[in-house]
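Accompanying notes for the structure given below.
In the working numbering, the protein residues as written are 77 to 245.
Right, dumping it as C-alpha cells:
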C-alpha cells in the first residue's frame, strides 16, 4: 500500500492533467516523464490504475524511448495511418534517428532548440545525405507543425507513404 501511494504521488500531476489534455498529449507527457526518468514502469501502472477506466486502453501506447513529445505525436500519427514506427534507431555511419517507418522512411522531429543554428542545420543535412546514400528518404517536420498544424504533417506522411515501396541496396 505504501509503495502504491509513492507511485501515485510521483504521477499525480499526470493524473490531474488527463482531464485537460487530449489522449495523444497525455501519452506524449507520460513518454516524456519516462524518458526523463521521472517515472518508471511501476509508476505508469499506478498512474493508469488511478485514471478513469476510459484511459486504460492508452497504456499500450506508452513508449519511453521517445526523446521528445513531438516524436510521440508523430509515432501516434503514423499508427493512425496504419504504420508502425521504430523509435531511436541506430544507423551505421549516421547515428540514431528519431523514427524509421517501413525500413525506408526516416522521420526526424526538429525543434528550434536543437536545429536553429547553421552548424546544427549543416550537420542535419550531412546526416540526411548519409541516409540518402544508404537508400533512406528523410522527412523533417518541425515541432511547430507537429503541435499546431498536425494536419499538414499527416498530409505529408500520407503523401510519402504512397510512394512505391523502396528496397535499400
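Every residue gets a Cβ at the ideal spot worked out from N, C-alpha and C, and that includes glycine.
Return the chain-ordered list of same chain residues with a C-beta closer than 6 Å to the C-beta of residue i, the five sequence neighbours on each side being excluded.
i           : result
residue 229 : 217, 221, 222
residue 145 : 104, 108
residue 203 : 170
residue 152 : 100
Is the Cβ-Cβ distance between residue i and residue j less than 8 Å?
i           : j           : result
residue 219 : residue 186 : yes
residue 181 : residue 215 : yes
residue 91  : residue 120 : no
residue 99  : residue 134 : yes
residue 148 : residue 142 : yes
residue 127 : residue 94  : yes
residue 167 : residue 115 : no
For residue i, which residues from the same chain have a beta carbon less than 7 Å from its beta carbon, with the 5 sequence-adjacent residues on both sides left out?
i           : result
residue 80  : Because residue 80 sits at a pLDDT of 46, beneath the cut-off of 50, its placement in the model cannot be relied upon, and the point is left open.
residue 165 : 172, 173, 176
residue 245 : The pLDDT assigned to residue 245 is 47, lower than 50, so where the model puts this residue is not dependable; a value taken from the coordinates is nonetheless given after this. For residue 245, where only same-chain residues beyond five positions count, the Cβ hits under 7 Å are 211.
residue 140 : 107, 110, 111
If you reduce the DSSP assignment to three classes, tell me which class residue i lands in.
i           : result
residue 240 : coil
residue 208 : helix
residue 97  : coil
residue 202 : helix
What does residue i pair with, by DSSP beta-bridge criteria?
i           : result
residue 215 : 183
Which same chain residues end up closer than 8 Å to residue i when comparing Cβ atoms and leaving out the 5 residues on each side of it in sequence?
i           : result
residue 200 : 184, 186, 191, 216
residue 236 : 181, 213, 215
Should residue i be counted as a contact of the ligand MG given a C-beta to heavy atom distance under 7 Å?
i           : result
residue 203 : As presented, the structure is devoid of all ligands, the ligand MG included, so that no description of it is given.
Any chance you could list the alpha helix (DSSP H) runs of at least 4 consecutive residues sitting entirely within the stretch 110-193, in chain order?
Correct list: 117-126, 145-156, 188-191.
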